[in-house]
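A short worksheet on the structure shown next.
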DNA sequence: GCAAAAGTGTTGGTGTTACACCCATGG
DNA sequence: CCATGGGTGTAACACCAACACTTTTGC
């Protein structure tokens with residue numbers, strides 16, 4: 052009676068790896084787009100929510116359990132975006148601190164991290180309209196970093212301020228003043244981190260032992276105290 | 052072979068009417084939820100994009116042509132959200148300056164504006180999960196007002212700064228300083244308004260004739276120069 | 001071994017900018 | 001009466017400098 056569609060969910064999994072913002076892609080083992088890199092995803096079942104479907108596919112195809120942040124991104128339904136039939140996909144954005152035990156599963160015969168900005172460029176072809184989805188996901192994470200505590204989803208349970216600052220710097224592809232970063236995060240009543248009182252071991256290059264922090268749950272939707280520089284210098288835009 | 056779904060689009064149409072932020076709702080003429088107020092919407096066709104479907108339903112059910120702002124909001128696909136079958140809906144947010152010639156059409160036997168915040172309260176029952184959608188739409192427009200030129204979509208081709216300021220004030224339910232508002236909008240190189248050089252007639256209460264402005268297309272994704280107050284006084288939060 | 005250098009994290013200071021708040025003037 | 005323009009104090013922050021604590025290097 053009504054036009055019939057298949058509904059899929061695709062997940063953009065972002066993490067910081069090797070000093071770069073990366074996305075997890077899987078290589079498709081079946082048609083269409085066999086052997087192309089694609090976002091992990093699959094068909095929604097009638098008796099699960101979209102969120103549940105995203106979590107399930109995430110686990111089945113990549114082994115990633117319980118991401119620290121999973122949010123709906125956008126729906127994509129252009130006619131012909133899937134050569135098989137009428138398919139509407141709902142894209143999700145997942146942010147994880149580190150990928151412990153990536154493994155390929157389901158329709159994917161390989162899973163691998165790629166630097167996001169390289170994947171968006173024409174380095175290689177992505178399946179379906181996944182390049183568009185990836186572009187939207189990057190914009191989204193750039194924006195949400197400024198208006199929420201999303202940055203803490205990129206790091207572990209405890210972390211140093213340098214690690215957290217690196218998240219902002221790598222996502223925004225910019226540099227932040229360490230002194231102001233610390234002050235902004237600690238002085239504000241809208242802060243979302245607190246000191247654990249302990250210090251970590253210095254990095255391989257030495258240096259003063261950094262203080263360890265953890266995320267607090269007292270964040271009240273006040274936005275992030277860390278703001279992108281208002282200096283609109285065209286030179287620092289890539 | 053794959054689980055089959057119907058895909059619908061629902062449109063949250065917002066406007067400023069009578070000094071209040073309002074949403075256009077239609078009264079359903081058919082089952083399910085007959086005689087309930089609902090968001091205008093309907094089924095997506097296989098050979099149209101989601102955006103096209105939203106525009107088409109908007110026109111068919113309410114007579115609203117070419118909204119100044121139409122953006123995808125979110126997809127909703129909880130099992131059982133539609134008693135008929137498996138239905139995934141993609142919600143859209145439309146912002147229009149004024150509703151010229153609202154008329155009911157299609158499945159709707161009446162169309163009417165309601166103050167958004169009243170409609171979200173338990174004043175009357177909305178069909179399906181449309182109350183959730185409306186809540187999300189309000190949050191979205193509050194946020195986007197701060198990070199884009201969305202405010203200009205609420206006003207006509209030309210407008211006074213007071214009209215534009217009223218948009219911010221009614222959406223955020225707050226008050227803005229008229230002097231700072233003018234300076235922020237005009238001084239910034241990220242501005243999205245320019246003077247037409249003409250003045251309008253004063254309002255019914257008299258006053259100095261205001262300058263008329265128009266929106267420029269030179270806006271470059273720099274966010275809105277108008278910011279919500281950082282004063283986190285708990286008293287002004289409703 | 002030991003001192004100096006270099007690397008990293010933390011604290012302090014200063015000039016500039018944005019803006020909340022108030023007042024004056026114009027139509 | 002409302003729109004516009006100006007003025008002032010405060011808070012945020014970009015930029016710079018100093019200091020603390022570590023590892024590495026040179027002798």
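Chains as they are written, first to last, in the working numbering: chain P, 52 to 289; chain B, 52 to 289. Here a beta-carbon is modelled for each residue, glycine too, at the ideal position from N, C-alpha and C. For clarity, every value in this text was computed on a predicted model and none was experimentally measured.
Any C-beta of chain B under 7 Å from that of residue i
i	result
residue 130(P)	yes
residue 106(P)	no
residue 185(P)	no
residue 100(P)	yes
residue 126(P)	yes
residue 60(P)	no
residue 269(P)	no
residue 244(P)	no
residue 53(P)	yes
residue 286(P)	Reliability fails at residue 286(P), whose pLDDT of 36 lies under 50, so the model's placement of it is uncertain and the value that follows must be treated cautiously. For residue 286(P), the answer is no, since every Cβ of chain B falls outside 7 Å of its Cβ.
Neighbour-count burial assignment, residue i, 16 or more Cβ in a 10 Å radius
i	result
residue 62(B)	buried
residue 271(B)	exposed
residue 79(B)	buried
residue 83(B)	exposed
residue 216(P)	buried
residue 134(P)	exposed
residue 231(B)	exposed
residue 98(B)	exposed
residue 195(P)	buried
residue 245(B)	exposed
residue 112(B)	buried
residue 260(B)	exposed
residue 81(B)	exposed
residue 118(B)	buried
residue 269(P)	exposed
residue 125(B)	buried
residue 278(B)	exposed
residue 93(B)	buried
residue 255(B)	exposed
residue 207(B)	exposed
residue 116(P)	exposed
residue 275(B)	buried
For residue i, three-class secondary structure by DSSP
i	result
residue 172(B)	coil
residue 136(P)	coil
residue 243(P)	coil
residue 280(B)	coil
residue 87(B)	coil
residue 270(P)	coil
residue 259(B)	coil
residue 100(P)	coil
residue 238(P)	helix
residue 115(B)	coil
residue 106(B)	helix
residue 60(P)	strand
residue 232(P)	helix
residue 167(B)	helix
Near the ligand HEM: residue i beta-carbon under 6 Å from a heavy atom
i	result
residue 242(B)	Among the ligands in the structure shown, none appear at all, so the ligand HEM cannot be discussed.
CB contact below 7 Å: residue i versus chain P
i	result
residue 137(B)	yes
residue 96(B)	yes
residue 199(B)	no
residue 123(B)	yes
residue 141(B)	yes
residue 175(B)	no
residue 46(B)	No answer is possible for residue 46(B): the residues shown for chain B start at 52 and end at 289.
residue 57(B)	yes
On the three-pair Cβ rule with 8 Å, is the stretch 95 to 106 of chain P touching the stretch 100 to 108 of chain B?
no
Enumerate, from N- to C-terminal direction, the unbroken alpha helix (DSSP H) stretches of 4 or more residues contained entirely within the stretch 183 to 230 of chain B.
212 to 223
For the pair the stretch 203 to 216 of chain P and the stretch 237 to 257 of chain P, tell me if three or more CB-CB distances fall below 8 Å.
yes
Inter-stretch contact (C-beta, 8 Å, three-pair minimum) for the stretch 138 to 147 of chain B and the stretch 62 to 78 of chain B:
Judged by Cβ distances under 8 Å, the stretch 138 to 147 of chain B makes contact with the stretch 62 to 78 of chain B, as three or more pairs qualify.
Check whether the stretch 123 to 137 of chain B and the stretch 160 to 177 of chain P touch, using three or more Cβ-Cβ pairs below 8 Å as the test.
Flag = no, the stretch 123 to 137 of chain B and the stretch 160 to 177 of chain P do not touch.
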